Structure formats: structure tokens, C-alpha cells
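K.L.:
Here it is: the structure, laid out below.
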Amino acid sequence: MFSNYLSSALGNLLRNRLHAAINLFGLALGLATAILIGLYIRDEVTFERFLPDYQQTYRLHSIGSGVNRQPETYPRTPHEIAAPLRDEFPEVAGTVRLMRMSVGLRHDAFAANEDIMSVDPNFFSVLGYRLLRGDPATALARPDALVLTRAMALKYFGTVECVGKALEIDQKETVRVTGVMDDLPSNTHLYGLQFLLSGLAPFSELYLADHRPPPGPGSFNNDVATYVRLKPGASAAAVDARLPDFMARMLPTTDPEDAIRSAILVPIDAIHLHGKEYGDYSTNSDLPTIYAITATGVLVLLVAGINFVNLVTARATRRAVEVGVRKAAGATQRQLIAQFMGESVAYGLVALILAVALVELVLPSFNGFLDRTIGFAYWREPALLAILVGSAVLIGLAAGIYPALVLSSFRPAVVLKGAASAQGAGTLRQVLVVLQYAISITLLIATAVIRHQTEFATSGSLHFDKDLIVAVELGGVPSTRGTYGRKIYDPATVDLMARRIEAVPGVKVVGGSWVIPDARGSTTTDWTPLDQPNGKPLLIGRVMLDFGFFESYGIQPVAGRLFGRDYGIDKVPVVPKEEGSAILNESAVRAFGFASPQAALGHEIKSDMDDSDASQPRRIVGVVPDFPLNSIRTRILPTVYLVAPDWSSYLNVKLTGENVPAALAAIDRIWQEMVPSRPIQRQFIDARVERLYRDVTRQGQVFTGFALVAVLIACLGLFGLAAFTAERRTKEIGIRKAMGASTGDILKLLLWEFAKPVLLANAIAWPVAYVAMSRWLDGFAYRIDLDPLVFLGAGVVALVIASATTLYHALQVARSRPVLALRYE
């Protein structure tokens, strides 16, 4: 019997090669997409779970006062609380601090700028990372210890056997390799970690957390990431309950309105998907994104399943005689159901084989696009293999059950007379076609909205010109330590470098600044309006910059003027109580209660900071538009901008666009002459902004790809369905032509038949897409409005696709001679 079933299935496949090819390719494409999405989702939800005892590991997030005294959460903490936390809480097994810094590394003649993570010596015991070479208990015990990843060991030494070898930091300090750890997988928030430097080490040029003065009352300097490992069975909730009192004692304040001093333990495996809920906007994903991509995969698979049902039910009547003969020969309905369900499952398994081949072909490019290391070793994962095979069988059963019931229900006497029809199959096909196009239209709308929001995030919402700006990081310039350990780069060297670079042909203007877009270095401090009755202090953002910063970014004032060297008030005050100048953004104007940007000009404000260059009375001389230095997912803070050259950590170089390579080469030469100890570290601001919104950009591109796959699968199914419909209506069309219908009339008839489901699909897709995309846009503080033209355009595109897909078969039938059509069958 099995051989008979197999022979019948193969014969049917060979007789309907186009139908079989469309079915197999559509299912394979849907399965391949689902597998890729499944692998991606698995990677997303398993962040940090490769670490031993990850359930007991947390990152400590601090809570302080934000703008308007609202509590604000930060993913970093003051450096001085780690040891007391470990000592005072019996639940804590250990704490470790991490701080990223940029240094110049050299081995022999090879030198490069690298980001190094300075850590406490107990890094491996707290976080559980394993070493390939070296002893984790002692690898970071020495003050000159350095641990490399495998990639960095190969980069600098060409081998992982490099323990004991030396590297130079900024040509001033020597460190020795004490361990080599494996490259981290992509499913960790520390992905990209390449170096571990011992113990917030006592190198004179490094950022020394343990060698700063203690903070004064009211200060709240978050400078390190603090990780906490709890003892087995310890309760994180119990620790969280006592953290407010602990933080209040550790960080005392003299301001009764500034009493928010607390912290919270965030599970390490929750950082990637829930980081934004705890003030970490550097993570690349969140639950809404996961849900959206998962839904997209399900929808693509659903479209492929719809195609299968449509095409098989459409061909059901072509196998009516076969069913009648089998029933007349004694076959039972159960046997026929088993036969046709078996064929459906076989289609699913063959499609799975094709899908696996597609995934293996595409996965390297998919990983490269997402910057991931997602694996697909199904032969080493029995559970994964079982899921794949089980899914293919279930899809085959689910997609084939209705066609099998339809085919097996035919009565022999009726079908052998040629009068059989699939009762209800036509209605089912119409419903499924409508659903198929509703899914495609929804995905097209989502793609367009995400694309427009991405363009808005990277251009429209910035309010500054990001093109042709090169940010030169000043790390390596001679420096000293200011208040609370702040690194002060030698102002004379920085000013000379800026003037030399500004003289380079192709350079328009140079301006120094403390932060650049995505540098995440702005702070908040109390500002008091001095000339307003009962003026109360307001917690407002503060950004320090140098002359030329606004000009570099093309930012024009909406009122007043920008800073200028010709204005004496813009100089950095050196005499106590001497008046200085300030520029506000529009949000700060509203926060201070001024009626308009123009009305704010001339008023004085004063900061409570004890820095000599920030605490002077400041006269407001200009107002600039709100522009983001962080992600537009967060609302732009009310901000005061001050001239403070000795705060500059970057030089912002605006190029004219003429002979850019020569200008960059000249900038590099100037740097090498003035800072020979470290290679220049520069980057284009537009590239930095692109990285800031890379998650949004990639999400848009992934959605676009999946939407195109869904549309392609829908087109395949519609193409096969159109072929069947045209064939089935051949005699009807012949009669119509014999009665005088023109080719155009026939085309209109057939095209309208396929246009009606698309129009109905729009009525379903538009409200669904509106609700879904409105919720997605709610994740942005600054967002586009949903444009009705996007919805209309998606509907038109779907209609054009439906018409183009069916046009070929419609033309073939419409142009046929009536006499040939009437001879059909």
C-alpha cells in the first residue's frame, strides 16, 4: 500500500511540476525565514545565560534626582560603594567594578588605539568568564596585569601563547599579558570586550577610580559599572529593600529636596531586553522588538501555509476522478485521508530540507549584517533537530488536513460523472487570499513607518548638520586631574592643536567640547535664576564646550547669539563672582519659566557647582534649538551650555568637503607631531550617529527583508492560483468571447476577481497596522506622525502586485481563440 501511495504522489508531482515547485519553494522560503527568526530570537533571549550561575549575578543601577527632581536610573554607580556593599550585605558573595577607557597600545612596531576595560582583580570569580590561558585566580592580581581575548592575542602576537609578553600603554607604562580568554559570544552586553586591565590599575595616565578624592555632600558621580554576585539562595528583593538606606549613608546630601539616593539590582540576563527600563539606552533590543520580529516570522510562515492550502484545494477537483476510482476499488475515506496527509507531510519534510540549505547559505551574511555569532549546529543539538522536524510535520499536517478532508469526501458516483466540486473550497480560498494580503499590507506599512522613523532619527530630529564633521578624541594629550578626578587636557596644547588644524586647507572650523553625540557625558546640576523673585533652584543639564562648537555642527541661535572670542563676557571667569555667559536650549527656556527665547536674553543664572569655571553668575546671551546628544528615545534635557575650554575631550572638525583625504592626512600629521605616544583616534559624526541608531536601522532593514519575503510568497501563491483559475474558466471565457466580449473585457473580469480580495484586505490591515505602529513609535520621545499616504500607498502596492501577478495568465486566456476554449475538456 505504501508503494502505491508513493507512486501516486510522485505521479501527481510530475504531472503538476509548476504547482509542486511553487508549493515547495513557498514552504521552504517560509520555513527558512522562520528558522532564521527563531535562531535570532533564541540569541536575543539567552543573553548572558552562557555564564555559570548567571541567575545569581546582577548589575547595580543607581537612582538619583533627574530634571525637576524626578527619580532617574543610571546603569553606573559611584566607584566608592562597591567595597562597603560587599562588607555590609551578608547576601553578597562579591562585587566587581568595570570601567571602559581608551588607550594607545604598542607591541614592537605595531600600535593601535584600543578600548580597555579596567576591572577589579576578582573579575573572573564574580562574573565567571573562563580563561584559555592563565589562572583566573591570579591573572589580574598584579598591578601591571593584562588579559587579552583570543582575537587580540592573535592581533598583537599572532598566537594565544603570549602569556608573559609585554605591551606598552601610551608609550609610558608597560603591562604584561597574564591570561587569554576566549572571544565573547554576541549574546552578551559586554560583546566587543577585548582587554581586561588589572584592578582599576595605578597607572599615572589612566582613569583612577580608587585614587580620587571622596565626593563632597550632594555629589553623585556615577563612574563605574558595578556587578554583584549573590550567595546561593540569597534574595535580591531583600537587598533592594535595604539599598535606599545604604545609598543615603554612602552619598549624603545637604539639600532636603535632593533626597533621592538609592539603587536597584538588575539581573544580568535582563540587561539586554529590559535595559531601557533601568536607564540603559545602549542595549540593542527590547521586548516590543522581540515580539514584533516573532510575529513577523509567524506571519511569514502563515502566508506560506495559506499558499499551500490554496494551491492544494484549487487542484482538488483535478484529482476527483482518481479519488472516485480508488473509492470504487474499495479504498476507505481514512485511507484516502492518510494518503493525502502523507503527501502533505512529505511536502513539508522536503521543504524543510530546502529551508535548512537556505539557512546555511544565508546565515553567514545574516550574522555579518547583525554583527552576531549565531550558530546553527542542528546536528549537535538533538532538541533543535527534533523541533525542526516536528515543526515541518506539524505544518504539513495543519496545512494538509482541509485538502485531505475535501478530497476524501468525494462520492464515487458523482466524481466519475465529472460533476465533483470542492464544496466550500472556493470560499475558503477567498478568505485565505484576503488574510494573505492583509498580512502583506500590514508588513508593508510597518516597513514604511520604520524607514521614515529611522530617517527622522538619523536626520530630521537632530537639528544639527552631522555631515563632514570629524571628532578627534584628545586621549593621549598631556593632562592633569581636576575636581573629583576629572581629566583636564592641557589647554595650551589643545588650543594650539585646534588652531593648527583650523589652518589646514579643507577645514572650515574647529570647536572643542566635553561631549559629542552618543558620548553620554552630560551632567545635571542646580541652577538658580538670580534676578527672579523667589527663584528656586532647578536641576538642569550642563554641557561644557569651546568656541566654534555650535558653528561646527551648523547650529544657529533662535534668539541672541552664539559664543564668540570677541566677547569679553564669554571668557572663562577667573575672578570669583565675575560674570560669565551662558546659552540655553529651548527646553531650558521653558523650565526657567521665560515667556519666549527672546525674553530669556539678559537674565542671570548661577550654578551650585564648586568648579571655579562653572559656579560664576552667568548672563544668558543666546538660545539654541533642542538637539540630542543621546538617543531620541529619551527626551532632550533642559540644558545650559557654557564656555569651558579645559573641559574639552574632543575637537570637532568641520570639513568643507574639498579634498577630504588630504585634509584628514594633514590632521593625522599634526596629531602625530604633537602626540607621538598614541595613534590618532578620530571618527566621523555621521558614522557615530548611525551607530547610535543602528538597532533602529537594522530593525527597519530586517522588517523590510521579511516583508519582501512575505510578499514574494504571496505572489508565488497568487501566480499558481491565477494559473488554476484561468484554466478552470477557459470554457466560460470562450463563451463570453463568442458572445462578443473583447480581450479588454476579459482582462477586466479576471483582474477584478483578484483585486476584490486586496481591497478587502486593506480594510483589515489598516487598523491593525495603525495600532501596532503607534505602539512601536511610543518608544521614541521624538517621533513621526502616521501618514495616511503610507497606508494608501501600501494598499496601492498590494493591488499592483496582485494585478501584475495575475496579468500573464489573464492575457493568455483572454487572447485565446473561442473555438479552442470551447474544445477545452
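Using my numbering, read the sequence shown as starting at 1 and increasing by one per residue. The beta-carbon is built from N, C-alpha and C at its ideal position, and this holds for glycine as well. Note that this is a predicted model, so its numbers are computed, not measured.
1) Please confirm if the region 464-478 is in contact with the region 789-802, defined as three or more CB-CB distances below 8 Å between the two stretches.
2) My assumption, with CB atoms under 8 Å, is that Thr890 sits in contact with Phe706. Please give the rounded CB distance.
3) Please determine, among Glu114, Ala404, Val507, Asp135, the residue with the shortest C-alpha to C-alpha distance to Asp170.
4) Helix, strand or coil for Ala166? Go by DSSP, reduced to three states.
5) I'd like to know whether the C-beta atoms of Val356 and Gly396 end up nearer to each other than 8 Å.
6) Please state if the CB of Asp570 and the CB of Ser648 are separated by a distance shorter than 8 Å.
7) For Asp526, write down the residues that DSSP places opposite it in a beta bridge.
8) Beta-carbon within less than 8 Å of Gly94's beta-carbon, same chain only, minus the 5 sequence neighbours each way: which residues are those?
9) Once you ignore the five residues that flank Glu586 on each side, which residues in its own chain have a CB closer than 8 Å to its CB?
10) For Phe369, count neighbouring C-beta atoms within 10 Å of its own C-beta (all shown protein chains included) and say buried if the count is 16 or more, exposed if not.
11) Which residues bound the alpha helix (DSSP H) around Ala665?
12) Tell me whether Lys466 sits in a helix, a strand or coil according to DSSP, three-state version.
13) Taking the alpha carbon of Phe50 as the reference point, which residue from Ala139, Asn187, Ile290 has its own alpha carbon closest?
14) Between Val325 and Cys715, what straight-line distance do the alpha-carbon atoms span, to the nearest angstrom?
15) Ordered along the chain, which non-local residues of its own chain (more than five positions away) have a Cβ less than 6 Å from that of Ser204?
16) Please say whether Ala438 and Ala765 have beta carbons closer to each other than 8 Å?
17) Do Tyr191 and Leu197 have their CB atoms nearer than 8 Å?
18) Answer yes if the region 46-64 comes into contact with the region 269-276, meaning at least three C-beta pairs across the two stretches below 8 Å, and no otherwise.
19) Ile605 to Arg561, Cα distance in whole Å?
20) Helix, strand or coil: how does DSSP classify His603 here?
21) Based on Cα-Cα distance, which residue from Val92, Phe110, Pro78 lies nearest to Met99?
22) Under the rule that 16 or more other beta-carbon atoms within 10 Å means buried, what is Gly795, buried or exposed?
23) On the DSSP bridge list, what partners appear for Gln436?
24) What residue does the beta strand (DSSP E) around Leu181 start on, and which one ends it?
25) Secondary structure at Pro617, three-state DSSP: helix, strand or coil?
26) Does DSSP put Tyr156 in a helix, a strand or coil?
27) So Pro788 and Ile685 are in contact, right, with Cβ under 8 Å, and what is the actual spacing, rounded?
28) Using the three-state DSSP reduction, which class does Tyr782 fall into: helix, strand or coil?
29) How do the region 637-655 and the region 773-789 stand: do at least 3 beta-carbon pairs fall below 8 Å, yes or no?
30) Ends of the alpha helix (DSSP H) at Pro71?
31) Identify every residue that forms a DSSP beta bridge with Met497.
32) Quick one: what's got a C-beta closer than 7 Å to Thr634's C-beta in the same chain, skipping five residues either side?
33) Here's the rule I'm using: 16 or more other beta-carbon atoms within 10 Å means buried, otherwise exposed. How should Glu48 be labelled?
P.N.:
Let me spell this out:
1) Pairwise C-beta distances place the region 464-478 out of contact with the region 789-802, as fewer than three of them are shorter than 8 Å.
2) One cannot answer for residue 890 here, as it falls past the ends of the chain, which runs 1 to 825.
3) Of Glu114, Ala404, Val507, Asp135, the residue nearest in Cα terms is Glu114.
4) Ala166: strand per DSSP, three-state reduction.
5) No. Outside cutoff.
6) The answer is no: Cβ separation not under 8 Å.
7) When beta bridges are read from the DSSP output, Asp526 appears opposite Leu539.
8) The answer, listed in chain order, is Arg86, Asn122, Ser125, Val126, Val228, Arg229.
9) Taken in chain order, the residues that qualify are Val558, Pro597, Val623, Val624, Pro625, Asp626.
10) Exposed, by the Cβ-count rule.
11) From DSSP, the alpha helix (DSSP H) with Ala665 extends over 660-674.
12) DSSP places Lys466 in coil when its eight states are reduced to three.
13) Nearest C-alpha to Phe50: Asn187.
14) About 35 Å.
15) Confidence is the limiting factor: at Ser204 the pLDDT is only 31, short of 50, which leaves the residue's position unreliable, though a coordinate-based value still follows. Excluding residues within five positions, none has a Cβ falling inside 6 Å.
16) Ala438 is positioned such that its CB atom lies closer than 8 Å to that of Ala765.
17) In this structure, Leu197 does not lie closer than 8 Å to Tyr191 by Cβ.
18) Result yes; three or more Cβ-Cβ pairs closer than 8 Å.
19) The alpha-carbon separation between Ile605 and Arg561 amounts to approximately 17 Å.
20) Note: His603 maps to coil in three-state DSSP.
21) Closest option to Met99, Cα to Cα, is Pro78.
22) Around the beta carbon of Gly795, 16 or more other beta carbons lie within 10 angstroms, which makes this residue buried.
23) Gln436 pairs with nothing; no bridge assigned.
24) The residue asked about is misnamed: residue 181 is Met in this sequence, not Leu. 173-181 is the span of the beta strand (DSSP E), which, as asked, contains Met181.
25) In the three-state reduction of the DSSP assignment, Pro617 falls in the coil class.
26) Secondary structure at Tyr156: helix, using DSSP grouped into helix, strand and coil.
27) Their Cβ separation, rounded to whole angstroms, is 35 Å, which puts Pro788 and Ile685 out of contact at 8 Å.
28) The answer is coil: DSSP assigns Tyr782 none of H, G, I, E or B.
29) The way I'd put it, the region 637-655 doesn't touch the region 773-789; fewer than three beta-carbon pairs between them come closer than 8 Å.
30) The continuous stretches of alpha helix (DSSP H) do not include Pro71, which lies in the beta strand (DSSP E) extending over residues 71-74.
31) Looking at the DSSP assignment, Met497 forms no beta bridge with any residue, so it has no partner.
32) Correct list, in chain order: Tyr281, Ala781.
33) That one is buried.
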